[in-house]
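Remarks on the structure that follows.
In this note's numbering, the protein residues as written are 13 to 295.
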């Protein structure tokens, strides 16, 4: 990458604070968001991990992507195991984003990621109610994605019955790319701005043990990171900023299209939109 993540400084001259999840001390409180199909693979996740952030592989159609790359058919389990192993090969923290809506491959992907030693499993596009039940996570942190305090409480109550609590939570606002946890008519409500969603989600996280809250959706630059950390977030997740890097597996044509895009080129598809049945934001 052109600049080293660990050199980022807050405006008053101190380094960004580390992010600690399940005892893992992440030097830079930035999680690279999962982007599929075939965008955030091991080259990007591994590079982010080496620079002190958290690299995340997207599990969307990962079995097909890796089968094509290797020239032989592989299962969802094998694909997750291989990409996590490659992402962690040179050190740092890496994990995988697994969509609840991908029912046919969900369990196998979770199992492959845990067996490969994934540091984190981040799961959304639906509420990951069964995630702690699929396989003993061991040292792997389980992190749901939510868009409201209510959704987080539902997950916490369900997981507690399985003897588990979230190790962290990703709070996605309506400006996030990809799958959105809002109805189309809710996207532009003042109450659903990320800064307004954060306080009740932070309060809910404190109620269930005080796990970290990572904010996502529209986090564009260093100033945004500092602003949300000062508001109480423990870290941020950023996707689009990593999409056009050399390490991203997106095509050069798509990368250039994103660079050239204007605000009016951002589209929210809502019929059918996401496989979870909710709106889907894309450039």
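Idealized CB from N, CA, C, for every residue including glycine.
Comparing alpha carbon positions, the residue from 183, 215, 222 closest to residue 204 is 183. When rounded, the separation of the alpha-carbon atoms in residue 28 and residue 249 is 14 Å. The C-beta distance from residue 60 to residue 44 rounds to 4 Å, short enough to fall under 8 Å. Taken through DSSP and simplified to helix, strand or coil, residue 217 comes out as helix. Annotated as distal: residue 79 and residue 46, with beta-carbon spacing of 8 Å or more. Put simply, the segment 114 to 123 touches the segment 139 to 148. At least three CB pairs are less than 8 Å apart. Assigned with DSSP and collapsed to three states, residue 108 falls in strand. As the crow flies, the alpha-carbon of residue 150 is around 31 Å from that of residue 240. Under DSSP, residue 43 forms a beta bridge with 66, 249. Around the beta-carbon of residue 109, 16 or more other beta-carbon atoms lie within 10 Å, marking it buried. Assignment of beta-bridge partners to residue 155 by DSSP yields 134. Counting only the Cα atoms, residue 77 lies some 15 Å from residue 114.
Residues 102, 103, 104 of the same chain have their beta carbon placed closer than 7 Å to that of residue 62, with the five preceding and five following residues left out of the count.
When C-alpha distances from residue 30 are compared across 275, 64, 98, 52, the shortest belongs to 64. The criterion of a C-beta distance shorter than 8 Å is not satisfied by residue 55 and residue 276. For residue 139, the secondary structure class from DSSP, reduced to helix, strand or coil, is coil. Remark: three or more beta-carbon pairs, one from each stretch, lie closer than 8 Å, so the segment 153 to 166 and the segment 129 to 138 are flagged as touching. Judged by their CB atoms, residue 206 and residue 185 are nearer to each other than the 8 Å cut-off.
Within a 10 Å sphere around the beta-carbon of residue 232 sit fewer than 16 other beta-carbons, which makes this residue exposed.
Residue pairing by DSSP puts residue 183 in a beta bridge opposite 158, 227.
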